[in-house]
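Student: Got a structure for you, questions after.
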Amino acid sequence: MRGDDVPSGPERRRAPGPLGKLPPDLPAERAALAEELRRGRSAMAANLQELAGKTYSSKASVSRWLSGRALPTLEQAELWASFCGTDPDLMRRLWLAAQRPREAPAAPAEPAAPAEPTEPAAPRPPGRPGLLVALVLLLALLAGDRGGFAAQTTAMAGCPGPVLQLPPDAGDEFPIEVTPGCAPAPGRQRWIVVQLDDVGQDGHRLYYLKWRIVYPSAPYAIRSRPANRNVRRTYYVIDISEAQYRRLIGSPRTADGGLYDLAGAPVVSNRAPNTNSGPPVLITTGPAGHRAVVVFTEVRRPPAAAHRYWFVLEVHDVGGNHSEFYPRQDLTAAGAEFRVTIPPEADLSRRRTGAVYEVPDAQGDRLRSGRPDSANPDADYLLTPPCECRRSDEVELDFAT
């Protein structure tokens, strides 16, 4: 997945074929960059043609980058990270280090834990012995005089945990400042989680393991690019064992790659909500007399160009098997509140709800005409929602008070 977003359509990618092992004489810096490129390719399940198109290169060049025989430009490496949804700052640091390979990389003192993908995916087969240790040492070297290595190698009692900070106006693309805190206990991992609320028609919750904090690490920033801002999202860090991680990625997941739950994984950081995510229109209701309600609206984000917001009333279980949708108010002309009434002959026992939809101007004109369904011009209602473009929560409308 790109960023932490929910895919906009049913498109599925076939998993890319396995790659051969990296050459054993490849410098550790180049090998680390190649591993990061491979990690992004695996997470995105992209083929060579897709990657070549996104990086303005050729399939042959992409193949050489993945084998470590050649290096992309910095711009191509950043485009790769952007397309695959991996950490662009890590990609940039690895690319810079690969330009100046060391003569003799330090031999690892002990085996390192395998690098994990940036989101739930099947674990990759292990690469060359010691390669991932070299990556950890490389990141420590890049931290340099910022004190990252010394500060993060020892976890002591009372040592601070991770802290996440979002900008006050987290729009379509925004940085998340990460203060990693002390390293987890041996054999444990820390992942930055994106929690999505009210997903789908049933309003369920999804969790994405998006970025693993690689220790040692100094404070850094990652960028988030959610495609669907209509879903509320919160960011935080969990601490899990390697066994818990394997159970999580092997658990039943949705078609969008998210997890239904985190199996009780402890949260070890603050919770950082994206206050600019969630429905762009907030609606509440109140009584306004017999067979009438008043609807209060707060437009937090305007509609797209040449679109408008419409409040639509839904009557449920008409005839016991379908709903009817009645366009009631163009919010452009409504202001902050308006009244909705039902006729005297309407059955008060029937459930009614309301929601706001974002429709093109031309469709809005048809909704205003009182004959919203062009296929059924005698009806003043629709048998389906105006579009798959609901922009508010659904609220109950109580006309019986």
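Numbering (our numbering), first residue to last: 1 to 401. Ideal Cβ positions, reconstructed from N, Cα and C, are used throughout, including at glycine.
#1: To which residues of the same chain is Arg339 closer than 6 Å at the C-beta, ignoring the five residues directly before and after it?
#2: For the ligand ADP, is there any heavy atom lying closer than 7 Å to the beta carbon of Trp310?
#3: Take Arg214 as the anchor and find which of Ile222, His204, Arg190, Tyr208 has the nearest alpha-carbon.
#4: Determine the direct distance from the alpha carbon of Gly53 to that of Gln152, and round the result to whole angstroms.
#5: Leaving aside the five residues before and after Leu26 along the sequence, list all residues of the same chain whose C-beta is less than 7 Å from its C-beta, in chain order.
#6: Please report how far the alpha carbon of Cys159 lies from the alpha carbon of Asn274, in whole angstroms.
#7: Using a Cβ-Cβ cut-off of 6 Å (strictly less than) and excluding sequence neighbours within five positions of Ala150, which residues of its own chain qualify?
#8: Taking only runs of the alpha helix (DSSP H) that begin and end inside the segment 317-368, which ones reach a length of at least 4 residues, in chain order?
#9: Would you mind sorting Gly319 into buried or exposed? The rule is 16 or more other CB atoms within 10 Å of its CB.
#10: I'd like to check one pair, Leu383 with Thr353: are the Cβ atoms closer than 8 Å?
#11: Does the separation of the CB atoms of Tyr235 and Val194 fall below 8 Å?
#12: At the level of alpha carbons, what is the spacing between Ala106 and Ala98?
#13: Taking Asp365 as the reference, which of Asp378, Thr332, Arg350 has the closest Cα?
#14: Apart from the five residues just before and just after His307, which ones in its own chain have a Cβ nearer than 6 Å to its Cβ?
#15: Let's test the definition: count the other Cβ atoms within 10 Å of the Cβ of Gly286 and tell me whether it reaches 16, buried, or not, exposed.
#16: In angstroms with no decimal places, state the Cα-to-Cα distance between Gly85 and Arg351.
#17: Any idea what DSSP makes of Ser61, helix, strand or coil?
#18: For the alpha helix (DSSP H) that Lys54 lies in, which residues bound it at each end?
#19: Here's the rule: buried if 16 or more other CB atoms are within 10 angstroms of the residue's CB, otherwise exposed. What is Tyr309?
#20: Can you list the beta strand (DSSP E) stretches of 3 or more residues lying completely in the segment 225-295, in chain order?
Tutor: For this structure:
#1: If you number the sequence shown from 1, residue 339 lands on position 339. Excluding sequence neighbours, Arg339 sits near Ala288, Ala292, Val294.
#2: With respect to small molecules bound, the structure shown includes none, and the ligand ADP cannot be examined in it.
#3: Locating residue 214 in the sequence shown gives position 214, where the first residue counts as 1. The amino acid at residue 214 is misidentified as Arg; the sequence shows Val. Val214 has its Cα closest to that of Arg190, out of Ile222, His204, Arg190, Tyr208.
#4: Residue numbering aside, residue 152 sits at position 152 when the sequence shown is read from its first letter. Residue numbering aside, residue 53 sits at position 53 when the sequence shown is read from its first letter. Annotation note: pLDDT 31 at Gln152 (below 50); position unreliable, coordinate value reported separately. Roughly 39 Å separates the two Cα atoms.
#5: Here residue 26 refers to the residue found at position 26 when the sequence shown is read from its first residue. The answer, listed in chain order, is Gly68.
#6: Along the sequence shown, one-based indexing puts residue 159 at 159. Along the sequence shown, one-based indexing puts residue 274 at 274. Rounded to the nearest angstrom, the two C-alpha atoms are 27 Å apart.
#7: In the sequence shown, counting from the first residue as 1, residue 150 sits at position 150. Confidence in Ala150 is poor, its pLDDT being 29 and thus under 50, which makes the residue's placement unreliable; the coordinate value appears in the next sentence. Answer for Ala150: no residue qualifies.
#8: 331-334, 361-368
#9: On the sequence shown, residue 319 is found 319 positions in, with the first residue counted as 1. Exposed, since its Cβ has fewer than 16 Cβ neighbours within 10 Å.
#10: Your numbering for residue 353 matches position 353 in the sequence shown. Your numbering for residue 383 matches position 383 in the sequence shown. Going by C-beta atoms, Thr353 is not nearer than 8 Å to Leu383.
#11: Counting from 1 along the sequence shown, the entry for residue 235 is found at position 235. Counting from 1 along the sequence shown, the entry for residue 194 is found at position 194. Taking 8 Å as the cut-off, the Cβ atoms of Tyr235 and Val194 count as close.
#12: Walking along the sequence shown from the start, residue 106 turns up at place 106. Walking along the sequence shown from the start, residue 98 turns up at place 98. Legend: pLDDT at Ala106 = 37, less than 50; position of this residue unreliable, no value from coordinates given.
#13: Walking along the sequence shown from the start, residue 365 turns up at place 365. The shortest C-alpha separation from Asp365 is found at Thr332.
#14: Residue numbering aside, residue 307 sits at position 307 when the sequence shown is read from its first letter. Taken in chain order, the residues that qualify are Glu358, Pro360.
#15: Taking the first residue of the sequence shown as position 1, residue 286 is located at position 286. That one is exposed.
#16: Position 85 of the sequence shown holds residue 85. Position 351 of the sequence shown holds residue 351. Approximately 43 Å between the Cα atoms of the pair.
#17: What you label residue 61 is simply residue 61 of the sequence shown in a count that begins at 1. Residue state, collapsed to three classes: helix.
#18: Taking the first residue of the sequence shown as 1, we reach residue 54 at position 54. Start and end: 48-54.
#19: Here residue 309 is taken as the residue at index 309 of the sequence shown, counted from 1. Buried, since its Cβ has 16 or more Cβ neighbours within 10 Å.
#20: 233-241, 281-287
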